[in-house]
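Colleague:
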Amino acid sequence: MAHDLVPFFLEQPGVDHPSSSARTVAWAASGGQRGVVGSSSYGVAAQNVPGGSVQVRPGAAVIPSTYPGALCESYVTRNRSATNVPIRATGSGGGRTDAIIVRIDDTGQAGQTPADLSTYEFSRLQVIEGVSSALSDTDGLNLAYPALLLATVTLPASTGTVTAAMIKDRRRIALARSDEDVFPRPTVSSDPATALSLTSTSLFPDGEWWPNVGGPLNDGVFWID
13 MAHDLVPFFL EQPGVDHPSS SARTVAWAAS GGQRGVVGSS SYGVAAQNVP GGSVQVRPGA
73 AVIPSTYPGA LCESYVTRNR SATNVPIRAT GSGGGRTDAI IVRIDDTGQA GQTPADLSTY
133 EFSRLQVIEG VSSALSDTDG LNLAYPALLL ATVTLPASTG TVTAAMIKDR RRIALARSDE
193 DVFPRPTVSS DPATALSLTS TSLFPDGEWW PNVGGPLNDG VFWID
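The sequence shown begins at 13 in the working numbering and counts up one residue at a time.
The structure is reproduced here in structure tokens:
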């Protein structure tokens, strides 16, 4: 039967609700998007004293399932505190670019059941070495599990210290929002330089100040350019 027999969430005792229903709730709440929740979540930064690791900041992320058969399902994961992630030093033979990702291992979907469910890292930070320096998304890695790209780190040859200049932020923000500035008049030279400014005060169609200084036009219609 193609249609789910049990919706999320029934009041009826004794009915089993599949975990996929909860993942569908997460998918719907995030619009099916993949990314971090908030601009600071999972940010990757160099250590205060640069060394052989980077720091991944606290936060949350939502990652749609890519497992075969998954339909409208997402995983939600958190990094509860700043976490240090080691980066292996490069040798004299050349530099290397590494990807830092959040990985989801749902062993109920793929893989073997862990020997100890209480300690297994079903969600974890991982470094994938030797990726393209232009990598911008985990889609380019052809992974067999859901993941989110956080950053790439490009180290020159013979380097074991990671500086801020080597880290490229690759995060996406899920459900990103923006504020819109509304000007109820043509902008003028004193407005921010990023705004388009009125350069003429002549009558329509060239432009005029608001309220208009040229008087009513066309039987009382005020034109604003």
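A virtual CB, placed ideally from N, CA and C, is assigned to each residue, including glycine.
Would you call the stretch 61 to 69 and the stretch 166 to 173 in contact, with 3 or more CB pairs under 8 Å?
Modeller: The stretch 61 to 69, when compared against the stretch 166 to 173, does touch it at the 8 Å Cβ threshold.
Colleague: What are the uninterrupted segments assigned as alpha helix (DSSP H) that are 4 or more residues long and contained completely in the stretch 104 to 129, given in chain order?
Modeller: The stretch 104 to 129 contains no whole alpha helix (DSSP H) run of 4 or more residues.
Colleague: Does the Cβ of Asn-238 have 16 or more other Cβ atoms within 10 Å, making it buried, or fewer, making it exposed?
Modeller: Residue numbering for the chain in the displayed model covers 13 to 237; residue 238 lies beyond these limits and cannot be assessed.
Colleague: I need the straight-line Cα distance from Gly-106 to Glu-141, nearest angstrom please.
Modeller: Going from the Cα of Gly-106 to the Cα of Glu-141 covers about 13 Å.
Colleague: Rounded to a whole number of angstroms, what is the C-alpha to C-alpha distance between Asp-149 and Leu-160?
Modeller: Between Asp-149 and Leu-160, the C-alpha separation is close to 8 Å.
Colleague: According to DSSP, is Ser-65 helix, strand or coil?
Modeller: Note: Ser-65 maps to strand in three-state DSSP.
Colleague: Threshold first: 3 residues or longer. Then list the beta strand (DSSP E) segments lying entirely within the stretch 151 to 183, N to C.
Modeller: The stretch 151 to 183 contains these whole beta strand (DSSP E) runs: 159 to 167 and 179 to 181.
Colleague: Taking DSSP as the reference, what is the three-state secondary structure of Ala-41?
Modeller: Correct three-state label for Ala-41: helix.
Colleague: So Leu-137 is in the beta strand (DSSP E); what residue range does that whole segment cover?
Modeller: 135 to 140 is the span of the beta strand (DSSP E), which, as asked, contains Leu-137.
Colleague: Anyone know if the C-beta pair for Thr-164 and Ala-101 falls short of 7 Å?
Modeller: It is not a contact, given that the beta carbons lie outside the stated cut-off.
Colleague: By the three-class DSSP mapping on this structure, what secondary structure does Asp-28 have?
Modeller: Correct three-state label for Asp-28: coil.
Colleague: Near Phe-20, which residues of its chain fall below 8 Å by C-beta distance, leaving aside the five closest residues on each side in sequence?
Modeller: His-29, Ser-33, Ala-34, Thr-36 and Val-37, listed in sequence order.
Colleague: Rounding to the nearest angstrom, what Cα-Cα distance links Asp-237 and Ala-58 in this structure?
Modeller: Here Asp-237 scores only 39 on pLDDT, less than 50, and its place in the model is too uncertain to base an answer on.
Colleague: What number of angstroms, rounded off, separates the C-alpha of Asp-128 from the C-alpha of Ile-116?
Modeller: Taking the straight line joining both Cα atoms gives about 17 Å.
Colleague: If I measure Cβ to Cβ from Val-233 and keep anything under 7 Å in the same chain, skipping five residues before and after, which residues do I get?
Modeller: Reliability of the predicted coordinates at Val-233 is poor, the pLDDT of 42 falling under 50, and no value is obtained from them.
Colleague: For the beta strand (DSSP E) that contains Tyr-79, what are its first and last residues?
Modeller: No beta strand (DSSP E) holds Tyr-79; DSSP gives it neither H nor E.
Colleague: Taking Lys-238 as the reference, give the member of Ser-145, Pro-168 and Cys-84 with the closest Cα.
Modeller: Outside the shown range of the chain (13 to 237) lies residue 238, about which nothing can therefore be said.
Colleague: Please classify Pro-98: is it buried, with 16 or more other beta-carbons within 10 angstroms of its beta-carbon, or exposed?
Modeller: Looking at its Cβ environment, which holds fewer than 16 other Cβ atoms inside 10 Å, Pro-98 is exposed.
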